[in-house]
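Q: Once you've had a glance at the structure underneath, I'll fire off some questions.
Chains as they are written, first to last, in this note's numbering: chain Y, -4 to 427; chain F, -4 to 427.
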């Protein structure tokens, strides 16, 4: 017998038929003798409807119009959480009923019933503790625990939510608290791929990927898991299996063991026997480039650029400062999220006098392409190989950033697919 | 300063615009200096959607087909409650946000947060206690308590619901626990009428009605308040004001005091100075008549008829047994809810041998018309007046039942409106 946490996302519980399908996956594991907890998201689209009601109640749009486009919602996060958490409450009850209708013992658990405790940062609360004694005892007696994801209870007995995609984090935190053997994340794709299969048809599913690589993949644009849930899994050593709820639930009565060869296991790198130098190629098109022309090449100027951006809550990613032509002036280029570009330009225009620059340019026609792999640590020359291959295809690199297990390049958006395909081949990831 | 409970039903919070309207009623009371708790139902239609999801999840319709029409839902009431209670959770959060957007302090309270404790009879739980210390303290500091109606917490930390229309009961129970000065039930009509104004255009709103009369009105077909909430109000002495949320919230800055002359106050009969003999005429068309022809006129036969009906959970209302023609046989007539007629006939057909009757007849072409008034206690001859007036119009009375403050007659449905109008005039209720 194993102790499993299964998590189903919004598309996997989008209607009662999909919930029935999720239940058949649970039944397979229960029939195999495993003790199961199931974490559910809200039905796809439901959370957006609830958020729209909250914004309507607060008169969000009217306020934006009154006070200018930069006014953000100031509404009471604890009321937002009370409204929005109801989506997961509904799916947890429905799944429990479906499981019961299939002859299983099951009950729903809201965040406050477990309790899954969080801090008071409503709308994006952090988990501070999960009390699983009663829940676990019932699981071990054969009752399936159906847990409403995304929600918890904050100090003062108020409902809290963990922020968008928080159900992944709920599942991993629950798995950690239960010392579960595995946390299965059922989603609409069948695992983590070497790159986006829509761009590279030869992309293939990875059987295993290390936490560190998954973290880089997630933050570099692969959307299969929330970054936060991967961090937590790494910290707590939770083995996470990303798999498809759209695959048939019937594995010929083989239960969990047949899961070998299904999905992608996110685990410690020691578990991965054959490690490629590069495990995957990620790309992101949602960054924008900002260039400040001819700024003074003197100590302190970078602070004058980046402090006002930080104050405006704008995250800066890659930064390149060219070598000075004349010893007195240089060009500074960096990237921000596309959504923040207009605000970033506004902030820099206001700070023009204190910074001192000739011209300011912004562009969204860029893409960031990254090669990721823990094997890089022990293999020299990966970056050089990468740059040569891109140069051979005539792709100009506008900026570079690296970590121990990742090399990212900023290029013209028009070349994004070509770059991804080139690197996918270069590092031997094309499926055989 | 008064302590008020305000309750808004489903049509009064049907969308965010209606919630804003409800909030303006609350604001009027807050501006007048009153401490307010507001109980809300789910948005109109939302509960039905949630119930449909539950039945779909349990495969309710499929089961009925498989096992015949008499199979009723056997699903887990605690999961039903977890799903269905989410409707009130949403409106409570939304109203709190709207109140905040209007500059008031407000917070939502779920049943488990108060806590409003109930027994374990899920889907129709009874309230066992309401702990209002924290809620009341915050109200007295000027915070509006927005309470999700219809829901509570059952032993074992599970969400419970009070049954359809339970929000009225939530409001009255909360008012009792708070020792509130009044419980205002905002609904889509502006009070309790002497009879249905669609039938009698001369019907008028009652300024006051006693608990006992309201109870009879509610159980005789007037749908403005749930019977259970009236019973509780009577038992706890809660003064209930039925009023319209569709009337303008602005009473010229006069606050609650202007409520005199608005709505209908349900109160102890001592508060009612000028008491009519009859306060209202109620009618119901949802009863059906069952007649057993030529049953044996001997001790025990009534038990043989009514015990199997009781076992099948069928409520019997009016019963008439004719005088025996021959000393050995008689006819027995009684009424059941129309929805139960087919089942009642089925039960009686199966019991034909043990009862012994010549023929069995069922009909839904009947109406029950009732005159209600506490004044009857001290006025003789009310029944005689009533029967004469109906006879004058050629209306045949098929059965009669009476209580201390009510006389009901069963008549041919075709004469229902005529009977109501006749009695409304007879007892001086036509508006002057």
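No residue lacks a Cβ here, since even glycine has one placed at the ideal position from N, Cα and C. Keep in mind that this is a model prediction, so the values were computed, not measured.
What residues are listed by DSSP as bridge partners for residue 235(Y)?
A: BP columns for residue 235(Y) point to 178(Y), 261(Y).
Q: State the CB to CB distance for the pair residue -2(Y) and residue 20(Y), rounded to an integer number of angstroms; the pair is presumed to be in contact (CB under 8 Å).
A: The Cβ separation is near 16 Å, so there is no contact.
Q: Tell me, which residues are paired with residue 407(F) by DSSP?
A: According to DSSP, residue 407(F) bridges with 361(F).
Q: Within its chain, find whatever has a CB closer than 7 Å to the CB of residue 77(Y); leave out the 5 residues flanking it on each side and keep chain order.
A: Around residue 77(Y): 154.
Q: So with CB distances below 7 Å, who are the chain F contacts of residue 92(Y)?
A: Under the 7 Å cutoff, chain F gives 49, 52, 53, 70, 71, 74.
Q: Taking 8 Å as the threshold (beta carbon to beta carbon), is residue 89(F) in contact with chain Y?
A: True, the Cβ-Cβ gap to chain Y drops below 8 Å.
Q: Find the nearest neighbour of residue 429(F) within the set 346(F), 353(F), 349(F), 304(F), judged by alpha-carbon distance.
A: Nothing can be reported for residue 429(F): it is not among the residues displayed for chain F, which extend from -4 to 427.
Q: Measuring only between beta-carbons, confirm whether residue 109(F) sits less than 8 Å from chain Y.
A: No, residue 109(F) lies away from the interface with chain Y (no Cβ there is under 8 Å from its Cβ).
Q: Which whole-angstrom value describes the C-beta separation of residue 287(Y) and residue 300(Y), a residue pair presumed to lie in contact below a C-beta threshold of 8 Å?
A: 7 Å between Cβ atoms; contact.
Q: Under 8 Å between the Cβ atoms of residue 205(F) and residue 267(F)?
A: Cβ atoms of residue 205(F) and residue 267(F): closer than 8 Å.
Q: On the criterion of 16 or more Cβ atoms from any shown chain inside 10 Å, does residue 124(F) qualify as buried, or is it exposed?
A: Under this definition residue 124(F) is an exposed residue.
Q: Going by the CB atoms, is the gap between residue 183(Y) and residue 6(Y) shorter than 8 Å?
A: Against a cut-off of 8 Å, the Cβ pair of residue 183(Y) and residue 6(Y) comes out as a contact.
Q: Thinking just about the alpha-carbon of each residue, which of 338(Y), 345(Y), 282(Y) is nearest to the one in residue 314(Y)?
A: Comparing Cα-Cα distances from residue 314(Y) to each of 338(Y), 345(Y), 282(Y), the minimum goes to 282(Y).
Q: Consult DSSP for residue 75(Y) and reduce its assignment to one of helix, strand or coil.
A: Residue 75(Y) falls in the helix class under three-state DSSP.
Q: Can you tell me whether residue 313(F) is helix, strand or coil according to DSSP?
A: Strand at residue 313(F).
Q: Any idea if residue 66(Y) is buried or exposed, counting beta-carbon neighbours within 10 angstroms, 16 or more meaning buried?
A: Residue placement at residue 66(Y) is poorly supported in this model, since its pLDDT is 42, which falls under 50; the coordinates are not used for a value here.
Q: Which runs of the alpha helix (DSSP H) at least 4 residues long sit entirely within the segment 149 to 220 of chain Y? Give them in chain order.
A: For the segment 149 to 220 of chain Y, whole alpha helix (DSSP H) runs of length 4 or above, ordered along the chain, are 161 to 173, 206 to 214.
Q: Between the beta-carbon of residue 165(F) and the beta-carbon of residue 4(F), is there less than 8 Å?
A: It is not a contact, given that the beta carbons lie outside the stated cut-off.
Q: What's the gap between the Cα of residue 10(Y) and the Cα of residue 196(Y)?
A: Straight-line Cα distance between these residues: approximately 31 Å.
Q: How far does the alpha helix (DSSP H) with residue 85(F) in it reach, from first residue to last?
A: Here the alpha helix (DSSP H) through residue 85(F) covers 81 to 96.
Q: Once DSSP output is grouped into helix, strand and coil, what is the label at residue 140(Y)?
A: It is a strand residue.
Q: Look at the alpha carbon of residue 236(Y) and the alpha carbon of residue 176(F), and state the distance between them as a whole number of angstroms.
A: Spanning the two alpha carbons is a distance of roughly 59 Å.
Q: In chain Y, what lies closer than 7 Å to residue 125(F) by C-beta?
A: Under the 7 Å cutoff, chain Y gives no residues; its nearest Cβ is about 16 Å from residue 125(F).
Q: Taking the alpha-carbon of residue 360(Y) as reference, which of 399(Y), 375(Y), 378(Y), 284(Y) has the nearest alpha-carbon?
A: Comparing Cα positions, the closest option is 284(Y).
Q: Checking contacts by CB at 8 Å: is residue 45(F) closer than that to chain Y?
A: Yes, residue 45(F) counts as interfacial toward chain Y.
Q: Note down, in chain order, every chain F residue with its Cβ under 9 Å from the Cβ of residue 165(Y).
A: Residues of chain F passing the Cβ test: none, with the nearest at roughly 17 Å.
Q: Determine the direct distance from the alpha carbon of residue 89(Y) to that of residue 48(F), and round the result to whole angstroms.
A: Near 7 Å, if we compare the C-alpha coordinates of residue 89(Y) and residue 48(F).
Q: What's the call for residue 293(Y), buried or exposed, on a 16-neighbour Cβ count within 10 Å?
A: Classification of residue 293(Y): exposed, given that the 10 Å Cβ count is below 16.
Q: Taking a contact to mean a Cβ-Cβ separation below 8 Å, would you say residue 199(Y) touches residue 188(Y) in this structure?
A: Yes, these two residues count as a Cβ contact at 8 Å.
Q: Going by C-alpha distance, which of 243(F), 112(F), 194(F), 318(F) is nearest residue 18(F)?
A: If we check each option's Cα against that of residue 18(F), 243(F) comes out closest.
Q: Tell me which same chain residues have a C-beta within less than 8 Å of the C-beta of residue 63(F), skipping the five on either side of it?
A: For residue 63(F), the predicted structure reports a pLDDT of 46, less than 50, and the residue's modelled location is therefore unreliable. The matter cannot be settled from this model.
Q: Please compile the residues from chain F whose C-beta is within a distance smaller than 8 Å of the C-beta of residue 431(Y).
A: Outside the displayed span of chain Y (-4 to 427) sits residue 431(Y), for which this structure offers no information.
Q: I'd like to know if the segment 121 to 141 of chain Y and the segment 69 to 85 of chain Y are in contact, where contact means that at least 3 CB-CB pairs between them fall below 8 Å.
A: Because the criterion of three Cβ pairs below 8 Å is not met, the segment 121 to 141 of chain Y and the segment 69 to 85 of chain Y do not touch.
Q: Nearest to residue 186(F) by CA position, among 202(F), 172(F), 178(F), is which residue?
A: Residue 186(F) has its Cα closest to that of 202(F), out of 202(F), 172(F), 178(F).
Q: One question on the structure: do residue 228(Y) and residue 273(Y) come within less than 8 Å of each other, judged by their Cβ atoms?
A: Cβ atoms of residue 228(Y) and residue 273(Y): not closer than 8 Å.
Q: What is the rounded straight-line gap between the Cα of residue 364(F) and the Cα of residue 380(F)?
A: So the alpha carbons of these two residues sit roughly 15 Å apart.
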